[in-house]
Structure formats: structure tokens, C-alpha cells
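In my numbering, the protein residues as written are 1066 to 1744.
Built from N, CA and C at the ideal position, the CB exists for glycine as well.
It should be emphasised that the depicted structure is a prediction, and the values quoted were computed from it without experimental measurement.
Following: one structure in C-alpha cells, then a few remarks.
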């Protein structure tokens, strides 16, 4: 099918192309695809909102994909060795819901489709992980799905290297659109996939030349196929409405030794009499008359949400197609010598004695009390954890030596050899974070990786989605304050902690010494229902903990040093400022001002404690927050009468000690502020 480009005032050439396609004989595959189109039209019309155009355009390609290529069994949508399917163009969610419904997945009946985009419906406006077991990931922010899929494909290779092809041998399929191709995250992820030759990854590109503003020619003139070819992908273009062409391309993709991109030239809103091929079918209902005329053009003369038995039977048969394959796999699993380990890893359960090396580390830290940067303390924790938890896979965005995320003896992942457990992500923070989400979603992997804390801004959309999906993903974010020194304000994350702490279900850990770092790592690894951030220092920090028993960070905040008498002030700090607060406390105590110090390494865990515990820790005396960051959010703990000592703006370039003095974040400044307030 020829490329279609529209100017705002030109007649719509898509309609002529559409007429030619509709004139083709109505094959069995076409009628099955029309069921997707009709359900998508009906659901969007009933909801009075949604995106009908993409499902209508990609129905033919999706039909071929799901009836002949995707390995799945509707009777067990979480079968570990199923193929993964990601709808990266998540706005076209009715395509996925229609496929789940038609293939016989429980929990996506006609009633659910009739409640499309309504409260508590699994058929949400965009696919939401956890709403239905057939939804592999939350998509909608464009490009995230492609990057998730890269992580899924990578996880498959890693687990196949660990457990063998008899247990792990599946593919990852993606449907993406023009918007996904434009978002920078897709470039990052596709580049890495090509570099690693993730050959079991295939992206079907809905190449319909339309975005919300109109024709893609308004803003986009890339040769997408050449770009992906340059990344190391195999590429092909097909008529997305020709089932035979699509089938041949998909068969070719399964033989490729590279990841594959199949550009499916389609007509958005296919069959709509006036809106096909235009932005008018992208993000709003067709309208009753256009919807009726579209179905009439397809020869679909059935009431809304009704699928004829013959077509439904063929779709249900497609949903059962993988049943025999699954049963064969279950037999192999039952006899496999690594069955217990495989099932444990896929269930997200930690090894029985995983914590013992970490407990030994904590005991040695209590005895030695080393003065270490928490990024170095983090590496010591990883040296205890990674050998004990074989599903932990680490990495860094080209900052291994700065993030200290590597562990001696753990090999890197390289093209052609996926037996390693350390990934060199390159300078691709956003793609890294989203691919880590895909690894966690795949199962069997606990991904952790590193960059500088300030670059959390590059990763924020993926971190947010990990929190939304409750995935165990761990981000090691070092150089956490003005304490990084000479690199200056571009690298000093004064506002980043506040920005991360406001993300629901994200645990932000900022430990203050080696013991707290080990405790925070233990909590992050145990946390199976959400992502974690470890904000770690570049500069060395003196140890203030000599107890290796209870994990005191588990409550989010605790009293490090109690006042010598009834409290007159409570200094509350995190990370590198806990040591500063302890020095200030000593000076205040020497002046006769009874002062306590509270370490607050994780606000989220502290907020989850009961009110009586929080009041006991924070006390009723003057509360003083101390953190080398802006004070946004600190009022939650300080109350209306509290004080904050920290940053009021961006940092500067200088040695760390000079910066702390320059910005007034010193023990002397804390002492002076407390004395002034108390009179």
C-alpha cells in the first residue's frame, strides 16, 4: 500500500486506498479482524471517549500475530514461558482488550468491554498492569512500552542462560506507533537492543502517518527503517492490511538473528467513511453515524458488542492454540532439576538464607565502624547480596566506577553471552529505567542499576510507572547533594529528593552511614511491591551506628541520640547530614540545651508508622530539619514552629567542605539557629 501524506487542505487519499482494500475478498482473517474493529468502535462509542483509530487500523496485523505467532494459552495468561505482548501505543487499548476478549481470557467478557474507561473496569483508558492477567505492562506514555519490551526480551535471554531453553524460550512482541518512534526513550532502548542482538524481539510499527496534530509530516521526516537498521535491527515494510504480507514478515522475524522492526503501512480508523486516514479518528469517538457507516462498510451488520458465533469460535480456537505447548512445558518443568529454583525466582521469593551474608556484613560494620561514602558502603552491601540472590542483575548508565554498582567476580552481559549479571547500559538513563521495569515485569529478575541522583529527572517517567505497577526495581543514585563538590550545580540535585519523595509507592532511602546503607539495601531487596531509590553520598561519612541487631531503618526514622534531659530541640536529618546533626547536638548539649537527633532515612516508611511512634521519635520540642537539599516537604515533619537548615537555591562549583560552609549547612550554623530561636 502506498504511503499516504496529507496536507490540511488536500482531499483525503486514504479513502481511495481504503476503498481498494475493502474491495478485496473478505477472507476469514479479515472477518476476524473486523470483530476487533467492531468491538473497538462500540466500546469507544459507549464510553463517549477513547481512541478507535489505531485498533481499526492494526486489526489485520494483530489478527495474524495472535492467531499464528504469539505463544500463549488463554487458560493460563501468566504461564511463565508465554510470549510477551506489549501494546506500546497504549492509547489504542481496545485492540488489546478485544484480543483478550475474543481469545477467551476470563475476566474480559462483554460486560467488561461495555464498561470501557469506567471506574473499576479492567478495560481502563490505557492498559494498566494488574487490572487483568493478560496485560503485561502499563502503557500510554509513548515509548515506554518499547523500552519495557527490550527489558522483557533481555530478561528472557538472561533466564534462558540460567535455566536453559527447555524452561525459557519465548519471544517478545510489540505494537508501537508513530508517537513511540518519536519519543527519545525508544531511540535509547532500540539502540541497546540492536547492540545486544535481542533477536527474539519484534516490533510491529503502526505506520499510519497520523498523530494528534495531523499528518506526521508536520514534525517527523525520519526514515525510521534506516534508523533501526543503523541500530542493528532487521527491518521490513508491509501493507498492514494484507494478512499474507504480514504473515510472511512475521515468519521472517522468527528466523532473524537480530531484533526486527516490521513497518505496517495502515490506514488509521480503517473503514470510517470520512475520518479514516485523519486525526479525527485518533482520539475521540467516531460518532453514531460515522460508526454505523464504518461497520456497514465492513459488512458488519450485528448489534453493538455482538460477535457472530462462527467468528467467535475461530477466535476461541486461537486462544486455545497454545494449550498443548503449555502442557508439554509443564511436563518438562516437573522433571527439571532446577524446578524449585525456577519457581522460586519467578514467584519473586528470595532464597532462604539470602540475608545471612548481609547480617555478617552488618556485624563487621558494627565492630569496625568504617568512615565510608555511602556509595562505597552500598558496594559492600552488594558484595554480600548479589552472590546470595542470583536473580539480582545490576548495571550502570556508564558510571560504574562512580556508582559502585559492580561486584567482583560477576561477569558482564555481552552480545551472544547472557550468562553475566551486570549490564553496561550506556548513557541511556531513561531507557535503562524503563527496560528495568520490563525485566521486573517479566519475572525472575530483580534489577538494580545506577546513575547520579540528579539524573533521576531523566528517568522519572519510568520510575513513576514502576511505582504505579508496584514493581521491585532498585535505583542506586549517587552523588546525592552539594557534597559532590566541584562538578557544580548542574550535577547537584538540590530539588531531586523532594521530587522523588512525592511519587506514591516509591521508597526513597537516604542512609547516613555504612550500617544504615546495609539496612536500606536489605529493605529495598525485601520490598516486593514497589521500587526503591538509594540516594548515596560521594563524600566519606563517619559511622554513627554500632548496633547490628534490629534493622532500625525499617521504621523509616528513629532516635539516634536522645537528649540528656527533657528535650528542648530535636535535630532531624537524613544521609550525610546526620553526622552534622550529631556534632551540633554535642555542642548544644555542652551549652546546656538538651537535644536529640533523629535519623530519617526513609520518609515513606516513617509515614507508615503509627502516630504514637512518630510523635515519640519527633518529640514536642523545637524541631529542626537538616538536609543539603531544598526544604520542600519538610514541613510535614517539622510542624508550623519548626526550622529547616538546607538549600534555598541551586549549588555552586567548589570543594564540598567549602560549599557546606558557603550555604550555611554546618554544625555551627545549626547550633546558632537553635540558640537564636530558643533565646
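Looking only at C-alpha atoms, which of 1208, 1717, 1229 sits nearest to residue 1403?
Among 1208, 1717, 1229, the Cα nearest to that of residue 1403 is on 1229.
Using 8 Å as the cut-off, can you tell me whether the region 1158-1169 makes contact with the region 1214-1222, which would need three or more C-beta pairs spanning the two stretches below that distance?
Not touching, per the Cβ criterion.
Does DSSP put residue 1688 in a helix, in a strand, or in coil?
Assigned with DSSP and collapsed to three states, residue 1688 falls in strand.
If you reduce the DSSP assignment to three classes, tell me which class residue 1338 lands in.
Note: residue 1338 maps to coil in three-state DSSP.
Expressed to the nearest angstrom, what Euclidean distance is found between the alpha-carbon atoms of residue 1312 and residue 1130?
Approximately 8 Å, taken between the alpha carbons.
Per DSSP, what are the beta-bridge partners of residue 1597 in this structure?
Under DSSP, residue 1597 forms a beta bridge with 1539, 1572.
Boundaries of the beta strand (DSSP E) in which residue 1516 is found, first to last residue:
Residues 1511-1517.
In whole angstroms, give me the CA-to-CA distance for residue 1257 and residue 1079.
Taking the straight line joining both Cα atoms gives about 35 Å.
Starting from residue 1024, follow its DSSP beta bridges and name the residues at the other end.
The shown model of the chain, from 1066 to 1744, leaves out residue 1024, and the question about it has no answer.
Please go through the same chain and pick out, in chain order, the residues whose beta-carbon is closer than 6 Å to the beta-carbon of residue 1550, but skip the five residues on each side of it.
So the list reads 1720, 1721, once near-sequence residues are dropped.
Which partner residues does residue 1275 have in the DSSP bridge list?
When DSSP reads this structure, residue 1275 sits in a beta bridge with 1280.
In three-state terms, what does DSSP make of residue 1708?
Note: residue 1708 maps to strand in three-state DSSP.
I'd like to know whether the C-beta atoms of residue 1509 and residue 1486 end up nearer to each other than 8 Å.
Not a contact, by the Cβ cut-off of 8 Å.
Please determine if the region 1513-1523 and the region 1457-1477 are in contact, where contact requires at least 3 C-beta pairs separated by less than 8 Å.
Below 8 Å, enough C-beta pairs join the region 1513-1523 and the region 1457-1477 to call them touching: three or more.
Let me make sure I understand the geometry here. Which of 1569, 1603, 1662, 1275 has the alpha-carbon closest to that of residue 1610?
With distances taken between Cα atoms, residue 1610 lies closest to 1662.
For residue 1216 versus residue 1501, is the C-beta spacing smaller than 8 Å?
Contact flag set, yes.
In this structure, does DSSP put residue 1069 in helix, strand or coil?
Low confidence applies to residue 1069: its pLDDT is 43, below 50, so where it sits in the model is not reliable, and the reading given next is rough at best. Residue state, collapsed to three classes: coil.
Hey, which unbroken runs of the alpha helix (DSSP H) at 4 residues or more fall wholly within the region 1285-1357?
Correct list: 1289-1296, 1308-1320.
Mind checking whether residue 1443 and residue 1541 have CB atoms under 8 Å apart?
Their beta carbons are under 8 Å apart, which means residue 1443 touches residue 1541 by this criterion.
For residue 1450, does the count of other Cβ atoms within 10 angstroms reach 16, so buried, or fall short, so exposed?
Taking all protein chains shown into account, residue 1450 has 16 or more neighbouring C-beta atoms within 10 Å of its C-beta and is therefore buried.
DSSP beta-bridge partners of residue 1238
Residue 1238 pairs with 1150, 1267.
Give me the Cα-Cα distance between residue 1317 and residue 1489, rounded to the nearest whole angstrom.
Here the alpha carbons of residue 1489 and residue 1317 stand approximately 30 Å from one another.
Here's a check: name, in chain order, each residue in its chain whose Cβ is nearer than 6 Å to the Cβ of residue 1468, leaving out the five neighbours to either side.
Same-chain partners within the cutoff: 1461, 1515, 1541, 1543.
Assumed close pair residue 1348, residue 1116 - CB separation to whole angstroms, cut-off 8 Å:
With a Cβ gap of about 5 Å, residue 1348 and residue 1116 count as contacting.
If you draw a straight line from the C-alpha of residue 1725 to the C-alpha of residue 1590, how long is it?
Their Cα atoms are separated by approximately 33 Å.
Kindly list the residues whose CB is nearer than 6 Å to the CB of residue 1628, restricted to its own chain and excluding five residues on each side of it in sequence; keep chain order.
A distance below 6 Å between beta-carbons, with the five flanking residues on each side excluded, links residue 1628 to the following residues of its chain, in chain order: 1659, 1660, 1661.
Please work out which residues of its chain come closer than 6 Å, Cβ to Cβ, to residue 1190, disregarding the five sequence neighbours upstream and downstream, and give them in chain order.
Taken in chain order, the residues that qualify are 1182.
So what does DSSP say about residue 1482, is it helix, strand or coil?
Reduced to three states, the DSSP call for residue 1482 is strand.
Could you compute how far the alpha carbon of residue 1463 sits from the alpha carbon of residue 1480?
Those two C-alpha atoms are separated by around 17 Å.
Let me know if residue 1354 comes out buried or exposed under the rule of 16 or more other beta-carbons within 10 Å of its beta-carbon.
That one is exposed.
Measuring CB to CB, does residue 1123 end up less than 8 Å from residue 1343?
Taking C-beta atoms as the reference points, residue 1123 and residue 1343 fail to come closer than 8 Å.
Identify every run of the alpha helix (DSSP H) within the region 1624-1707, keeping only runs that are complete inside it and at least 4 residues long; order them along the chain.
Within the region 1624-1707, the complete alpha helix (DSSP H) runs of at least 4 residues fall at 1642-1655, 1668-1672, 1676-1683, 1700-1703.
Less than 8 Å between the beta carbons of residue 1607 and residue 1580, yes or no?
In this structure, residue 1607 lies away from residue 1580, with their beta-carbon atoms at least 8 Å apart.
Give a yes or no on whether the C-beta atoms belonging to residue 1454 and residue 1539 are separated by under 8 Å.
Against a cut-off of 8 Å, the Cβ pair of residue 1539 and residue 1454 comes out as no contact.
So, helix, strand or coil for residue 1581, using DSSP?
Helix.
Run through DSSP, which three-state label would residue 1475 get?
Here residue 1475 carries a coil assignment [DSSP, helix/strand/coil].
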